[in-house]
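Student: Protein chains in written order, with the numbering used here: chain Z, 1 to 344; chain D, 1001 to 1344.
Quick reminder that beta carbons are idealized off the backbone N, C-alpha and C, glycines included.
I have a structure here, written as structure tokens, and I will follow up with some questions on it.
There are 2 protein chains.
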Amino acid sequence: MSKATLDHVAQRAGVSMKTVSRVVNREPNVRESTKTKVEAAIAELHYRPNPSARNLASRHAHIIGLIYDDPSAYEVPSAGYVVNMQQGALHACRKSHYELLIHPCDYRKGNIDGEIEEIIEYARPAGIVLAAPLSDMPRIVRAIEKTSTPMIRLSPGKPRANELCVVTNDREISAEMTRYLISLGHSKIAYITGHRSHKAVANRFEGYKDAMRQSGLKVSERLVVAGDNSFGSGEIAAEKLLSRKQRPTAIFAANDDMAAGVIRVANRFGIEVPTELSIAGFDDVALARLVFPNLTTIRQPLSAMAELAAAMLIEGRNGKKDKKTIQIVPSSLKIRESTGPAPD
Amino acid sequence: MSKATLDHVAQRAGVSMKTVSRVVNREPNVRESTKTKVEAAIAELHYRPNPSARNLASRHAHIIGLIYDDPSAYEVPSAGYVVNMQQGALHACRKSHYELLIHPCDYRKGNIDGEIEEIIEYARPAGIVLAAPLSDMPRIVRAIEKTSTPMIRLSPGKPRANELCVVTNDREISAEMTRYLISLGHSKIAYITGHRSHKAVANRFEGYKDAMRQSGLKVSERLVVAGDNSFGSGEIAAEKLLSRKQRPTAIFAANDDMAAGVIRVANRFGIEVPTELSIAGFDDVALARLVFPNLTTIRQPLSAMAELAAAMLIEGRNGKKDKKTIQIVPSSLKIRESTGPAPD
DNA sequence: GTGAAAGCGCTAACAC
DNA sequence: GTGTTAGCGCTTTCAC
């Protein structure tokens, strides 16, 4: 029950409110000795600044909004994805005594843009972190822009000029995974693409093609099958690929859910993984360590990306402006048990 | 950019600030005609109340805190669990223009109680929803009580007298699942218990025993194996149960992760599910529909529970006090493919 | 380096 | 039914 106010602290320390305020907010121009005195008073009175008073007086809420696709609606993206982003954003917010306003939303709903505008207008966050795949949806991006709240998009397909955004190296790391498969002796490496609307996932496909070409392997149409990021679409794609006479010796899926679907089909078909077929995914969701064999995949630094985005928004408010608009946080390969040397 | 204030609206509508305030807050004692006038002015000026000003003047933050075990730390509980609770709490908060403050925390950390106190003292939420299994940890419960913030515990093992809490019918629904297995002709029904510290999970075991006894089946020690809610512990328990000559024809695990572990072991042992072995879980996490065969399980109304808890806290602030202290939101059976008639 | 005064936009407590 | 007044606990601005 912290009832102490700035005023109480000021009286106790024998200084003015403004001086206490300076100490609390780490502003310069306070003599070391007064600072110590004030800090002692704060501790004695167990003073805690009142965020509402602070927000009101400073004319802006210390709030960062995090907007993402609602995982409880369709379980895509997976809940783990969301929880990781929250953790990162939360971390950045706590450091600066900001609050995190989370807003899961179902983009399939009719008036989703109106809903987002409402939320922003009511809560008045200092900035918005917009997660993929929403970060590529013009309707949603426009709704946020309409409120003229600073925004940082996570993993947009194509960053725009002068826009702050945080991305990972989807393309490069996918090329690296492909090269890893090639180094194991695979040459018939199939690829299962992700959902059309998720642009960052499309970059993964580019990386696969880069590596294939660089290694002198041709990207046959027969090696590429379309999926939609769901487990089921991974199964269907796998059935198509694995029922051919000339089947691939490795399958790289644009995300883990689809890769898990491939594993299931391989089991059903009696194809041994990884001796007869190598399988790789992307995302490193919890599922990757629950399937058998454990999935080789790519770990996205979701937490770090969200933390960086939130921190940038908070610093932006404090006047610091980065030159770099596109921040890249690299993903990394997680080699597990589902990949191995090519047969023969 | 909503810059309109109560004052502007009042002038525009030709009434006093207080009257506008009444309309905004749906207070009584406003003539229908003035109300219409005020609402028109609000719409014209695109007025949005400033939450900070409101919080400051009313001397309390319109914030509900949701505290839960951090899923990104150990993936237990699963992220889906957390996301569902968030959704429910968020729903209740939005309705009343409250904010939701989420606080995932790792209870294994040393000063977790201090951390929780800090967060509460800074944010000053009007109430706290404390999720299981934290709701059974005395250190955490005490830390929250120390701040004298109203709290509602979700699924506490044993509710205390006069305490508000929200629970589900763990025991009864577990008995029902057991009866369902018995009705399929099973009599050697094994049970895998959950983590010791999670009291609500212990109630599930009681339900299993209730049903066994009621049906005249004895609860042999050989049928009960201890797990710790993890996938791995389910595997170990299954190995123990299924390597016996007289093996059970059904296994009921206290949660889905362990049940999924049982399925994996059954596959490895070449035991067909559900023809040779029926398997049931509890929770209905996403995994339940990803394993093969799909898991028969019990769906907990997590979202509804969290929503109810948040709504109770908000109403509590508004003076309404429920007589009922223990609110029960029932779980339900989800019969899928992993259970079937007993062999022979 | 430090302080005094004004006011952020609302609600509470009354008066009418 | 409606209006008036006095703050809530801070930051801002500017004076010293």
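State the CB to CB distance for the pair Z/Val219 and Z/Lys209, rounded to an integer number of angstroms; the pair is presumed to be in contact (CB under 8 Å).
Tutor: Looking up residue 219 of chain Z in the first sequence gives position 219. Looking up residue 209 of chain Z in the first sequence gives position 209. About 5 Å separates the two Cβ atoms, so the contact holds.
Student: Closer than 8 Å, CB to CB, is Z/Ala43 near chain D or not?
Tutor: The residue given as residue 43 of chain Z occupies position 43 in the first sequence. No, Z/Ala43 lies away from the interface with chain D (no Cβ there is under 8 Å from its Cβ).
Student: Contact between the region 303–319 of chain Z and the region 170–178 of chain Z is defined here as three or more beta-carbon pairs at a separation below 8 Å; is this criterion met?
Tutor: They do not touch, by the three-pair rule.
Student: Does chain D have any CB closer than 8 Å to the CB of Z/Lys209?
Tutor: Translated into positions along the first sequence, residue 209 of chain Z becomes position 209. Z/Lys209 does not count as touching chain D.
Student: Would you say D/Ile1116 faces chain Z, with C-beta separation under 8 Å as the test?
Tutor: Within the second sequence, the letter at position 116 stands for residue 1116 of chain D. Output row for D/Ile1116: interface = no.
Student: Quickly, what does DSSP pair Z/Asp69 with across the bridge? List them, please.
Tutor: On the first sequence, position 69 is the one that residue 69 of chain Z refers to. According to DSSP, which records beta bridges pairwise, Z/Asp69 is partnered with Z/Cys105.
Student: Whose CA, out of Z/Ser135, Z/Ile189, Z/His195, Z/Val141, lies closest to the CA of Z/Ile279?
Tutor: The count along the first sequence starts at 1 and reaches residue 279 of chain Z at position 279. The candidate whose alpha carbon is nearest that of Z/Ile279 is Z/Ile189.
Student: Measuring alpha carbon to alpha carbon, tell me which residue in D/Gly1207, D/Val1030, D/His1008 is nearest D/Glu1044.
Tutor: Taking the first residue of the second sequence as 1, we reach residue 1044 of chain D at position 44. Of the listed residues, the one whose Cα sits closest to D/Glu1044 is D/His1008.
Student: Reducing DSSP to helix, strand and coil, say where Z/Gly227 ends up.
Tutor: Taking the first residue of the first sequence as 1, we reach residue 227 of chain Z at position 227. Z/Gly227: coil per DSSP, three-state reduction.
Student: Quick one: which chain D residues come within Cβ less than 7 Å of Z/Arg264?
Tutor: Residue 264 of chain Z sits at position 264 when you count from the first residue of the first sequence. By Cβ distance, chain D contributes Phe1292.
Student: In the DSSP assignment, find the alpha helix (DSSP H) that holds Z/Tyr122 and state where it starts and stops.
Tutor: Counted from its first residue, the first sequence places residue 122 of chain Z at position 122. Segment 112–123, the alpha helix (DSSP H) holding Z/Tyr122.
Student: On a CA-only basis, which of D/Pro1028, D/Gly1014, D/Asn1050, D/Ile1236 is nearest D/Lys1037? Give me that one, please.
Tutor: Position 37 of the second sequence, counting from 1, holds the residue named residue 1037 of chain D. Per the Cα distances, D/Gly1014.
Student: Are the CB atoms of Z/Leu331 and Z/Arg299 nearer to each other than 8 Å?
Tutor: As a position in the first sequence, residue 331 of chain Z is number 331, starting the count at 1. As a position in the first sequence, residue 299 of chain Z is number 299, starting the count at 1. Inspection of the sequence shows that residue 331 of chain Z is occupied by Ser rather than by Leu. Yes, Cβ-Cβ distance for Z/Ser331 and Z/Arg299 is below 8 Å.
Student: Can you tell me the Cα-Cα spacing of D/Tyr1081 and D/Pro1133, whole angstroms?
Tutor: Here the question's residue 1081 of chain D lines up with position 81 in the second sequence. Here the question's residue 1133 of chain D lines up with position 133 in the second sequence. D/Tyr1081 and D/Pro1133: Cα-Cα distance of roughly 12 Å.
Student: Would a check of beta-carbon distances place D/Gln1300 closer than 8 Å to chain Z?
Tutor: Position 300 of the second sequence, counted from the start, is the residue given in the question as residue 1300 of chain D. Chain Z contact via Cβ: absent.
Student: Just the Cα atoms here: how many angstroms apart are Z/Phe282 and Z/Ile112?
Tutor: If you number the first sequence from 1, residue 282 of chain Z lands on position 282. If you number the first sequence from 1, residue 112 of chain Z lands on position 112. Cα to Cα, the separation comes out at about 29 Å.
Student: Work out the CA separation of Z/Glu115 and D/Pro1049 for me, nearest whole Å.
Tutor: As a position in the second sequence, residue 1049 of chain D is number 49, starting the count at 1. As a position in the first sequence, residue 115 of chain Z is number 115, starting the count at 1. Distance between the alpha carbons of D/Pro1049 and Z/Glu115: 17 Å.
Student: List the endpoints of the continuous beta strand (DSSP E) containing Z/Tyr191.
Tutor: Within the first sequence, numbered from 1, the residue matching residue 191 of chain Z stands at position 191. Start and end: 189–193.
Student: Interface residues of chain D around Z/Tyr98 at Cβ under 8 Å?
Tutor: Taking the first residue of the first sequence as 1, we reach residue 98 of chain Z at position 98. Here the premise fails: no neighbours, minimum Cβ distance about 11 Å.
Student: Please look up how many angstroms separate the CB atoms of Z/Ala211 and Z/Arg179, rounded, as I've assumed it's under 8 Å.
Tutor: For this step, residue 211 of chain Z is matched to residue 211 along the first sequence. For this step, residue 179 of chain Z is matched to residue 179 along the first sequence. Right, the Cβ-Cβ distance comes to about 5 Å (below 8 Å), so this counts as a contact.
Student: Any beta carbon of chain D sitting closer than 8 Å to that of Z/Asn255?
Tutor: On the first sequence, residue 255 of chain Z is found 255 positions in, with the first residue counted as 1. Cβ-Cβ to chain D under 8 Å: no for Z/Asn255.
Student: Go through its chain and collect everything with a Cβ distance to D/Ile1335's Cβ below 6 Å, but skip five positions before and after it.
Tutor: For the purposes of this step, residue 1335 of chain D is identified with residue 335 of the second sequence, where counting begins at 1. The answer, listed in chain order, is Thr1296.
Student: Quick one: any contact between the region 1283–1294 of chain D and the region 1116–1135 of chain D, if contact means 3 or more CB pairs under 8 Å?
Tutor: They do not touch, by the three-pair rule.
Student: For D/Thr1275, count the other beta carbons within 10 Å of its own beta carbon; 16 or more makes it buried, fewer makes it exposed. Which is it?
Tutor: If you number the second sequence from 1, residue 1275 of chain D lands on position 275. Exposed.
Student: Would you call D/Gly1270 buried or exposed, if buried means 16 or more other Cβ atoms sit within 10 Å of its Cβ?
Tutor: Here residue 1270 of chain D is taken as the residue at index 270 of the second sequence, counted from 1. Exposed.
Student: What residues of chain D sit near Z/Ser52, judged by a beta carbon separation below 7 Å?
Tutor: By 1-based counting over the first sequence, the position of residue 52 of chain Z is 52. Per Cβ cutoff of 7 Å: Ser1052, Asn1055, Leu1056, Ala1061.
Student: Tell me which same chain residues have a C-beta within less than 6 Å of the C-beta of D/Ser1078, skipping the five on either side of it?
Tutor: Here residue 1078 of chain D refers to the residue found at position 78 when the second sequence is read from its first residue. So the list reads Val1285, once near-sequence residues are dropped.
Student: Name the residues in the region 122–138 of chain Z whose C-beta lies less than 8 Å from a C-beta of chain D; which are they?
Tutor: Flagged, chain order: Tyr122, Ala123, Arg124.
Student: Can you list, in chain order, the residues of its chain whose CB lies under 7 Å from that of Z/Pro248, leaving out five sequence neighbours each side?
Tutor: Taking the first residue of the first sequence as 1, we reach residue 248 of chain Z at position 248. Correct list, in chain order: Lys188, Ile189, Ala190, Leu223, Leu241.
Student: I'd like to check one pair, D/Pro1159 with D/Ile1326: are the Cβ atoms closer than 8 Å?
Tutor: Numbered from its first residue, the second sequence carries residue 1326 of chain D at position 326. Numbered from its first residue, the second sequence carries residue 1159 of chain D at position 159. Cβ atoms of D/Ile1326 and D/Pro1159: closer than 8 Å.
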